[in-house]
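**Student:**
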Amino acid sequence: MTRPTGADAGTRLPLCVVIGSRIEQIERARARLTPILSGLWGDESAVWPIELALHEAVVNAIEHGGDGTPDATVEIVLDIEDDELLIEISDQGPGFDPETVPDPRRPEGVLRASGRGVHLMRTAVDSLAAAHGPRGRFTLTLRTKLPRSGARGVPPHRGGSMEIKERSVNGVTILDLTGDLVLGMGEIRLTEEIRNLIDAGTKKILLNLAAVRRVDSAGAGGLVSSYKSVTREGGKLKLVNVTEQARDLFMLTGLLTVFDAYDTEQEAINSF
Numbered sequence: 010m011t012r013p014t015g016a017d018a019g020t021r022l023p024l025c026v027v028i029g030s031r032i033e034q035i036e037r038a039r040a041r042l043t044p045i046l047s048g049l050w051g052d053e054s055a056v057w058p059i060e061l062a063l064h065e066a067v068v069n070a071i072e073h074g075g076d077g078t079p080d081a082t083v084e085i086v087l088d089i090e091d092d093e094l095l096i097e098i099s100d101q102g103p104g105f106d107p108e109t110v111p112d113p114r115r116p117e118g119v120l121r122a123s124g125r126g127v128h129l130m131r132t133a134v135d136s137l138a139a140a141h142g143p144r145g146r147f148t149l150t151l152r153t154k155l156p157r158s159g160a161r162g163v164p165p166h167r168g169g170s171m172e173i174k175e176r177s178v179n180g181v182t183i184l185d186l187t188g189d190l191v192l193g194m195g196e197i198r199l200t201e202e203i204r205n206l207i208d209a210g211t212k213k214i215l216l217n218l219a220a221v222r223r224v225d226s227a228g229a230g231g232l233v234s235s236y237k238s239v240t241r242e243g244g245k246l247k248l249v250n251v252t253e254q255a256r257d258l259f260m261l262t263g264l265l266t267v268f269d270a271y272d273t274e275q276e277a278i279n280s281f
């Protein structure tokens, strides 16, 4: 039995979306699925946690489930069972047990550049399970209750890229980040920019996150890698204007204890 999603009169569930197992395919899947999730939630501003969980699951499938073949695929299924949203993401990889993934908030894991995706999935949904299904594909199954009215979240947006502008104030190099700090886009752009500053002998770096729209686990990992690289060379890297969505992600992954973060630029500059 098919059911309308509420997001698009021509879209019905269950729905299966198949993408190539390549990083550049993530935005294609997001463009197809986010309007459906927003329709189910009845309010775009409420969909962010589920969108993040789905994003992390797809990233995981692409990074670890490609099976080394150029024609590998990731299959994403959305459905409704009773009062729950069901999301299944399957790939061609060997799979893993989510129960064995270490908590990234532990002291030994908080400064790792990776390993936060499964934890973020768990915090966003009611249940997470893994199994090998038909055709030998590994499948992650996420379930969460459909929301009641008045749900609150961070609004999604369409498309994604990262722009970085550099300026200097009182000997502090400020990088103004605009866009998405996510896998394959802002994450790579940021780490490259930080490496260039380190090579130029820059010791005081302030990242302005006021215009950062999204941060995922890879983006958080890019921040951690940048922080470690700057610190290793005797420098300091600090944050200012951390958005609500980024702050929530930092809190969930234990990174609020790592970064010096400030509410105003002047306060941050004075701290160096």
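For the sequence shown, my numbering begins at 10 and goes up steadily by one.
Just so you know, even glycine gets a beta-carbon here, dropped at the ideal spot from N, CA and C.
The model shown is predicted, which means the values in this text are computed figures rather than measured ones.
Roughly how many angstroms lie between the CA atoms of V163 and W50, to the nearest whole one?
**Tutor:** The count along the sequence shown starts at 1 and reaches residue 163 at position 154. The count along the sequence shown starts at 1 and reaches residue 50 at position 41. Low per-residue confidence applies at V163: pLDDT is 36, beneath 50, and the placement is therefore not dependable enough to give any value.
**Student:** Which of the three DSSP states, helix, strand or coil, is assigned to V68?
**Tutor:** Here residue 68 refers to the residue found at position 59 when the sequence shown is read from its first residue. Helix.
**Student:** Look up A209 in the DSSP assignment and say whether it is helix, strand or coil.
**Tutor:** By one-based count along the sequence shown, residue 209 stands at place 200. Correct three-state label for A209: coil.
**Student:** Alpha carbon to alpha carbon, what distance is there between S280 and G124?
**Tutor:** As a first step, residue 124 must be located in the sequence shown, where it is residue number 115. As a first step, residue 280 must be located in the sequence shown, where it is residue number 271. Cα-Cα distance, rounded: 31 Å.
**Student:** Check each candidate in A38, L63, L22, V68 and name the one with the smallest Cα separation from L192.
**Tutor:** For this step, residue 192 is matched to residue 183 along the sequence shown. Considering only alpha carbons, the answer is V68.
**Student:** Bridge partners for A133 per DSSP, in chain order?
**Tutor:** Residue numbering aside, residue 133 sits at position 124 when the sequence shown is read from its first letter. Its beta-bridge partners do not exist; DSSP assigns none.
**Student:** Nearest to S234 by alpha carbon, out of V221, V249, R204?
**Tutor:** Numbered from 1 along the sequence shown, position 225 holds the residue referred to as residue 234. That would be R204, whose Cα lies nearest to the Cα of S234.
**Student:** Do you know offhand how far A66's Cα is from I173's?
**Tutor:** Here residue 66 refers to the residue found at position 57 of the sequence shown. Here residue 173 refers to the residue found at position 164 of the sequence shown. If I take the Cα positions, the gap works out to 27 Å.
**Student:** Tell me which same chain residues have a C-beta within less than 8 Å of the C-beta of I197, skipping the five on either side of it?
**Tutor:** Position 188 of the sequence shown, counted from the first residue, corresponds to residue 197. Contacts found: G231.
**Student:** Take D112 and list the residues in its own chain whose beta-carbon comes closer than 8 Å to its own, dropping the five residues that flank it on each side.
**Tutor:** Locating residue 112 in the sequence shown gives position 103, counting from the first residue. Correct list, in chain order: G118, H128.
**Student:** Which same chain residues end up closer than 7 Å to K213 when comparing Cβ atoms and leaving out the 5 residues on each side of it in sequence?
**Tutor:** Locating residue 213 in the sequence shown gives position 204, where the first residue counts as 1. Excluding positions up to five away in sequence, the list reads G180, V181, T182, G244, K245, F281.
**Student:** Taking all protein chains shown into account, decide if M171 is buried (16 or more other Cβ within 10 angstroms of its Cβ) or exposed.
**Tutor:** Numbered from 1 along the sequence shown, position 162 holds the residue referred to as residue 171. Per the 10 Å Cβ criterion, buried.
**Student:** Which of the three DSSP states, helix, strand or coil, is assigned to V86?
**Tutor:** Locating residue 86 in the sequence shown gives position 77, counting from the first residue. Three-state result, V86: strand.
**Student:** Return the first residue and the last residue of the beta strand (DSSP E) that F105 is part of.
**Tutor:** Within the sequence shown, numbered from 1, the residue matching residue 105 stands at position 96. Per DSSP, F105 belongs to no beta strand (DSSP E) and is neither H nor E.
**Student:** Along the chain, where does the beta strand (DSSP E) containing V56 start, and where does it finish?
**Tutor:** Locating residue 56 in the sequence shown gives position 47, where the first residue counts as 1. Unbroken run through V56: none, as it is neither H nor E.
**Student:** On the three-pair Cβ rule with 8 Å, is the stretch 89–102 touching the stretch 141–155?
**Tutor:** With a cut-off of 8 Å, the stretch 141–155 and the stretch 89–102 count as touching, because enough Cβ pairs lie within range.
**Student:** As a quick exercise: from Q254, L248, R39, F147, pick the residue whose alpha carbon is nearest that of D272.
**Tutor:** Counting from one through the sequence shown, the residue named residue 272 turns up at place 263. Nearest option by C-alpha distance: L248.
**Student:** Taking 7 Å as the threshold (C-beta atoms), are A133 and A40 in contact?
**Tutor:** Here residue 40 refers to the residue found at position 31 when the sequence shown is read from its first residue. Here residue 133 refers to the residue found at position 124 when the sequence shown is read from its first residue. No, they are not a contact pair.
**Student:** Please report the Cβ distance between T78 and G29, rounded to the nearest whole angstrom; I am assuming they are in contact, meaning their Cβ atoms lie under 8 Å.
**Tutor:** Translated into the one-based positions of the sequence shown, residue 78 becomes position 69. Translated into the one-based positions of the sequence shown, residue 29 becomes position 20. Going by Cβ atoms, the distance from T78 to G29 rounds to 11 Å, so no, they are not a contact pair.
**Student:** I need the boundaries of the alpha helix (DSSP H) containing R176, first residue and last residue.
**Tutor:** One-based indexing of the sequence shown puts residue 176 at position 167. That residue, R176, is in no alpha helix (DSSP H); its beta strand (DSSP E) goes 171–178.
**Student:** Measuring straight from C-alpha to C-alpha, what distance separates L46 and E60?
**Tutor:** By one-based count along the sequence shown, residue 46 stands at place 37. By one-based count along the sequence shown, residue 60 stands at place 51. If you take the alpha carbons of L46 and E60, they lie about 8 Å apart.
**Student:** With DSSP as the reference, label A270 as helix, strand or coil.
**Tutor:** Stepping through the sequence shown from its first residue, residue 270 is reached at position 261. DSSP places A270 in strand when its eight states are reduced to three.
**Student:** On the DSSP letters alone, give me the boundaries of the alpha helix (DSSP H) that F259 sits inside.
**Tutor:** Taking the sequence shown and counting its residues from 1, the one referred to as residue 259 is at position 250. Segment 253–262, the alpha helix (DSSP H) holding F259.
**Student:** In angstroms, rounded to a whole number, what distance separates the CA positions of E33 and P44?
**Tutor:** Taking the first residue of the sequence shown as position 1, residue 33 is located at position 24. Taking the first residue of the sequence shown as position 1, residue 44 is located at position 35. Computed Cα separation, rounded: 19 Å.
**Student:** Rounded to whole angstroms, what's the CA-CA distance from A277 to N250? Just pull it up for me.
**Tutor:** Residue numbering aside, residue 277 sits at position 268 when the sequence shown is read from its first letter. Residue numbering aside, residue 250 sits at position 241 when the sequence shown is read from its first letter. In a straight line, the C-alpha of A277 is about 10 Å away from that of N250.
**Student:** Return the Cβ separation of L120 and V224 in integer angstroms, given the expectation that the two are a contact with Cβ distance under 8 Å.
**Tutor:** Start at 1 with the first residue of the sequence shown, and residue 120 comes out as number 111. Start at 1 with the first residue of the sequence shown, and residue 224 comes out as number 215. That belief does not hold up - the Cβ atoms of L120 and V224 are roughly 17 Å apart, past 8 Å.
**Student:** Leaving aside the five residues before and after R114 along the sequence, list all residues of the same chain whose C-beta is less than 7 Å from its C-beta, in chain order.
**Tutor:** The count along the sequence shown starts at 1 and reaches residue 114 at position 105. Here the set comprises T262, G263.
**Student:** Would DSSP call E201 helix, strand or coil?
**Tutor:** In the sequence shown, residue 201 corresponds to position 192, counting from 1. In the structure shown, E201 sits in a helix (DSSP, three-state: H, G or I).
**Student:** Determine the direct distance from the alpha carbon of V26 to that of E175, and round the result to whole angstroms.
**Tutor:** Taking the first residue of the sequence shown as position 1, residue 175 is located at position 166. Taking the first residue of the sequence shown as position 1, residue 26 is located at position 17. Roughly 40 Å separates the two Cα atoms.
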